[in-house]
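Shown next, in structure tokens, is the structure this report addresses.
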Amino acid sequence: MPLFPASPAPRQVPLLNSACPWASSEEDLRRLWDSPYTSAVTTRTATLEGFPDDPRLHQVTFFGAGAHSTANSFGFSPHPLSSYLSWLRPLIRQSAKRKLVIVSIGGNEKEIETMLRMLQDFANEVGERIAAEYNASCPNIPGHPPPAYIESQLSTFLALLARYASPTLKVGIKLPPYTFQEQFDALLRCLVEVAGSRGGPEHPISFLTSTNTLGQGLVLADQMTNVPSDPVAQRRKPAEEVFALPSATGGLAGAAVHQLSLGNVYRLASLLRSPSSPYAKRAPSLKQITIIGVGGAHDAASVERFRQAGADAVACATALGREGVSVFEQMAGGAVQAKL
1 MPLFPASPAP RQVPLLNSAC PWASSEEDLR RLWDSPYTSA VTTRTATLEG
51 FPDDPRLHQV TFFGAGAHST ANSFGFSPHP LSSYLSWLRP LIRQSAKRKL
101 VIVSIGGNEK EIETMLRMLQ DFANEVGERI AAEYNASCPN IPGHPPPAYI
151 ESQLSTFLAL LARYASPTLK VGIKLPPYTF QEQFDALLRC LVEVAGSRGG
201 PEHPISFLTS TNTLGQGLVL ADQMTNVPSD PVAQRRKPAE EVFALPSATG
251 GLAGAAVHQL SLGNVYRLAS LLRSPSSPYA KRAPSLKQIT IIGVGGAHDA
301 ASVERFRQAG ADAVACATAL GREGVSVFEQ MAGGAVQAKL
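What follows is the structure in structure tokens.
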């Protein structure tokens with residue numbers, strides 16, 4: 001079963017945040033939940049025990065015209081999965097709103113399996129459908145290449161996710177930016193491989209989130225743009241510092257990757273849904289997979305571009321950090337007919 005209805009009409013695209021530093025805390029999640037313009041809420045990527053956080057190293061900086069781009073050197077959330085479940089429980093139970101919760105998770109195979117069990121138990125407890133998004137794409141974890149770039153690892157994790165897919169636990173993955181066709185082909189081969197693993201007409205993978213940040217971006221200190229309203233963002237550096245991030249390089253997001261993200265969404269939609277796609281012919285259930293477009297969305301025009309590229313829902317991170325939850329009203333508003 002797809003996460004969101006396919007092919008939404010203009011101005012009817014479901015909006016949400018992507019896993020990011022501005023979805024880290026209980027207060028962050030409540031603000032996102034309370035927005036009348038969000039159809040879903042995504043947590044920052046959680047691990048089983050929490051990721052060691054060092055503010056001296058793990059930072060984000062805004063840059064470019066209007067502060068529409070970011071570079072970051074973050075890892076995963078310092079809060080463990082158990083903390084996110086404790087924060088989500090009252091939101092789901094005490095609110096009349098019915099919003100989808102997407103819990104982003106990261107870790108090794110054993111840890112991911114444990115977290116999937118925890119999420120299924122949580123879904124049973126609260127009596128609501130929950131989505132688990134495996135982060136296969138974070139470029140900022142030293143010594144751990146994103147599994148989405150390595151076909152054998154991607155196959156292993158997709159098979160694991162497929163085993164735990166259920167009517168109340170929807171599973172998906174967050175993808176990195178792909179830049180050549182063989183990367184898309186590797187993903188589609190893995191998706192075809194798991195297509196019939198559970199039997200029945202539905203694909204066990206409910207959604208793909210595309211794209212995460214693009215690694216190895218370098219922003220100089222004099223390129224930084226202050227965002228005074230955001231407590232997470234770095235401020236301007238002393239004159240003697242050359243680079244905006246302590247690590248020098250980091251993951252690019254926002255406007256800096258917008259066209260690349262649109263291209264990734266377009267290519268995924270074509271491979272999953274086109275009658276001429278060899279993968280769609282081998283596994284017709286691929287067309288059911290929801291595509292969540294991420295990368296530079298900040299207003300109604302950018303949302304419409306993602307819709308035209310093939311996205312079924314659109315998420316943002318950089319714009320959320322820059323403007324707060326009010327950005328979703330901008331993303332939802334206006335009669336816009338954008339062109340790719």
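Quick note on numbering: the sequence shown equals residues 1 to 340 in full-length UniProt numbering. For each residue, glycine too, the CB sits at the ideal point set by N, CA and C. Small disclaimer: the values here were computed from a predicted structure and weren't measured.
Asked: Touching by the beta-carbon criterion (3+ pairs, under 8 Å), the region 121–141 and the region 162–171; Found: yes
Asked: Residue interval of the alpha helix (DSSP H) (run including N212); Found: Premise fails: N212 is in no alpha helix (DSSP H) and is neither H nor E.
Asked: Boundaries of the beta strand (DSSP E) in which V294 is found, first to last residue; Found: 290–294
Asked: Cβ contact check for the region 75–92 and the region 145–159: 3 or more pairs under 8 Å; Found: no
Asked: Limits of the beta strand (DSSP E) - the one that L252 falls within; Found: 249–254
Asked: Distance, L214 Cα to G296 Cα; Found: 12 Å
Asked: Start and end residues, beta strand (DSSP E) containing T114; Found: Looking at the DSSP string, T114 is not in any beta strand (DSSP E); the run it does join, the alpha helix (DSSP H), is 109–126.
Asked: Whole-angstrom C-beta distance between I173 and I289, which should lie under 8 Å; Found: About 10 Å separates the two Cβ atoms, so there is no contact after all.
Asked: At least three beta-carbon pairs within less than 8 Å, the region 297–312 to the region 277–285; Found: no
Asked: Within 8 Å, strictly: CB atoms of S210 and V294; Found: yes
Asked: Local conformation of L327 per DSSP, three classes; Found: A quick correction: the sequence has Val, not Leu, at residue 327. Of the three classes helix, strand and coil, the one that applies to V327 here is helix, per DSSP.
Asked: Coil, strand or helix - V314 by DSSP; Found: strand
Asked: Three or more C-beta pairs below 8 Å linking the region 311–319 and the region 9–23; Found: yes
Asked: Buried/exposed call for H144, threshold 16 Cβ in 10 Å; Found: exposed
Asked: Buried or exposed (CB count within 10 angstroms, at least 16 for buried), V242; Found: exposed
Asked: Contacts around S69, its chain only, beta-carbon distance under 6 Å, and the 5 residues preceding and following it disregarded; Found: F63, G254, A255, A256
Asked: CB contact flag (E133, T42, <8 Å); Found: yes
Asked: Local Cβ density within 10 Å of A136, reported as buried at 16 or more and exposed below that; Found: buried
Asked: Supposed contact pair A71 and A317 - C-beta distance, whole angstroms, cut 8 Å; Found: Not really, about 12 Å apart at Cβ, beyond 8 Å.
Asked: DSSP beta-bridge partners of N174; Found: The question names Asn, but residue 174 in the sequence shown is Lys. K174 pairs with N135, T209.
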